[in-house]
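J.: Below you'll find the structure I mean.
2 protein chains.
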Amino acid sequence: MNQTLELLKKRKSIRKYTEEKIADKEMEYILKAAMAAPSATNARDWSFIVTRDRDIINKMAEANGRDSNPLKGAQMAVLVCGDLSRSCSATDYWIIDCSIAASFMNVAAESLGISSVWLGTWPELNKVEAQRKLFNLPVNIIPHSIISFGHADEDPNRPRIEWEADRVHIDKW
Amino acid sequence: MNQTLELLKKRKSIRKYTEEKIADKEMEYILKAAMAAPSATNARDWSFIVTRDRDIINKMAEANGRDSNPLKGAQMAVLVCGDLSRSCSATDYWIIDCSIAASFMNVAAESLGISSVWLGTWPELNKVEAQRKLFNLPVNIIPHSIISFGHADEDPNRPRIEWEADRVHIDKW
């Protein structure tokens, strides 16, 4: 098994982080990975609000509700947003495009030894509106998800389900 | 830069494939990567229809419309489906969860030297219905995307936009 397969297999959602900071170069690698993600008709219909500012991260956490408490210890947060002014004619592909970009960030961070957890915003419209208000977003920009980053301060070796036979259908349903 | 970052950066959507087959073990790695993906509240609200059968792949291509012609040369196709009977209370997270699982498949395949392209199904409801009909899916199972896999028979070294400054917002919009 190669390094990337091992990484995908071992990655866990991590909610507690050490005080270790995220370097400029690491932030850049993570954002470049997002921008290398495919998108429907190559629309690249996303934008990323990135911050390592404690106060801003805490405000994002407050606005996103209790499930987003991991952000309060995060060293970096990215609010992934869809940009409807850039999306293709089947507009709702923005939801998938933002998800792919965020996934690529998760994987890129993991490869740098930086853990992360995905904190849902869309489709919970109260959370979407709270982030929109916090960042005073234009009408075409839709908050999608917050990714919370930091070096793990919890055991990432929790057991995981590797294979679920009932999720795999060969040739037919 | 590590192997995974290089891979994310170099990955391209590949639409032409050689005759080289996808081995059982490779298929298994790719599906395991999907099943290692995070999902909202860990609902794991996906199922995967996987096939290496030429006839079935061609039927999937026909049902998914002209943009899905790459499937006609693919060595493997996976129809990623959401399972609404497993999704969390904010049901539409299934769309994001399926996207993450499919992204993990793209990355896993790439690490094995297998190229892929993402062929949209949802949110184009005519395509969703066509796949549903083809596989006679239960009502709780929603076709999300088809991922087309094979060894590249085109130059993957097309230029790509590495960085778009207007997509990155530091600390504020």
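The listed protein sequences derive, respectively, from chains Z and D. Counting in the working numbering, the final residue of the first sequence is number 155, and the numbers go up one at a time with none missing. Counting in the working numbering, the final residue of the second sequence is number 155, and the numbers go up one at a time with none missing. Just so you know, even glycine gets a beta-carbon here, dropped at the ideal spot from N, CA and C.
Assuming contact is defined by CB atoms lying nearer than 8 Å, are residue 15(Z) and residue 90(Z) in contact in what I supplied?
T.: Going by C-beta atoms, residue 15(Z) is nearer than 8 Å to residue 90(Z).
J.: Which residues bound the beta strand (DSSP E) around residue 19(D)?
T.: First-last for residue 19(D): undefined, no H or E at that position.
J.: How big is the Cα-Cα spacing for residue 35(Z) and residue 117(D)?
T.: Straight-line Cα distance between these residues: approximately 49 Å.
J.: Starting from residue 102(Z), find everything on chain D with Cβ-Cβ shorter than 8 Å and list it in chain order.
T.: Those are 22, 72, 75 and 78, listed as they occur along chain D.
J.: If you draw a straight line from the C-alpha of residue 20(D) to the C-alpha of residue 41(D), how long is it?
T.: C-alpha separation (whole angstroms): 31 Å.
J.: If you draw a straight line from the alpha carbon of residue 147(D) to that of residue 154(Z), how long is it in whole angstroms?
T.: Their Cα atoms are separated by approximately 45 Å.
J.: Sort out for me which residues DSSP pairs residue 62(D) with in a bridge.
T.: Its beta-bridge partners are 30(D) and 127(D).
J.: Could you tell me whether the Cβ of residue 110(Z) comes closer than 8 Å to any Cβ of chain D?
T.: False, the Cβ-Cβ gap to chain D never drops below 8 Å.
J.: Counting only C-beta atoms, is residue -16(Z) closer than 8 Å to chain D at any point?
T.: Closer than 8 Å: yes.
J.: Considering residue 71(Z), what are the terminal residues of the beta strand (DSSP E) in which it resides?
T.: Premise fails: residue 71(Z) is in no beta strand (DSSP E) and is neither H nor E.
J.: What is the residue span of the beta strand (DSSP E) that residue 101(D) lies within?
T.: Here the beta strand (DSSP E) through residue 101(D) covers 97 to 102.
J.: With which residues is residue 141(D) paired in a DSSP beta bridge?
T.: The partner list for residue 141(D) (beta bridge, DSSP) is empty, contrary to what the question assumes.
J.: Within 8 Å (strictly less), CB to CB, does residue 138(D) reach chain Z?
T.: Taking Cβ atoms only, chain Z never reaches closer than 8 Å to residue 138(D), which makes this a no.
J.: In chain order, what residues of the same chain lie with their CB nearer than 7 Å to the CB of residue 51(D), ignoring the 5 residues before and after it?
T.: Closer than 7 Å at Cβ, skipping near neighbours: 43.
J.: Mapping DSSP to helix, strand and coil, what is residue 81(D)?
T.: It is helical.
J.: Between residue 71(D) and residue 104(D), is the Cβ-Cβ spacing less than 8 Å?
T.: Taking 8 Å as the Cβ cut-off, residue 71(D) and residue 104(D) do not qualify as a contacting pair.
J.: Can you tell me whether residue 132(Z) is buried or exposed, with buried defined as 16 or more other CB within 10 angstroms of its CB?
T.: Buried: at least 16 other Cβ atoms inside 10 Å.
J.: Start and end of the beta strand (DSSP E) containing residue 150(Z)?
T.: Where residue 150(Z) is concerned, the enclosing beta strand (DSSP E) stretches over 150 to 152.
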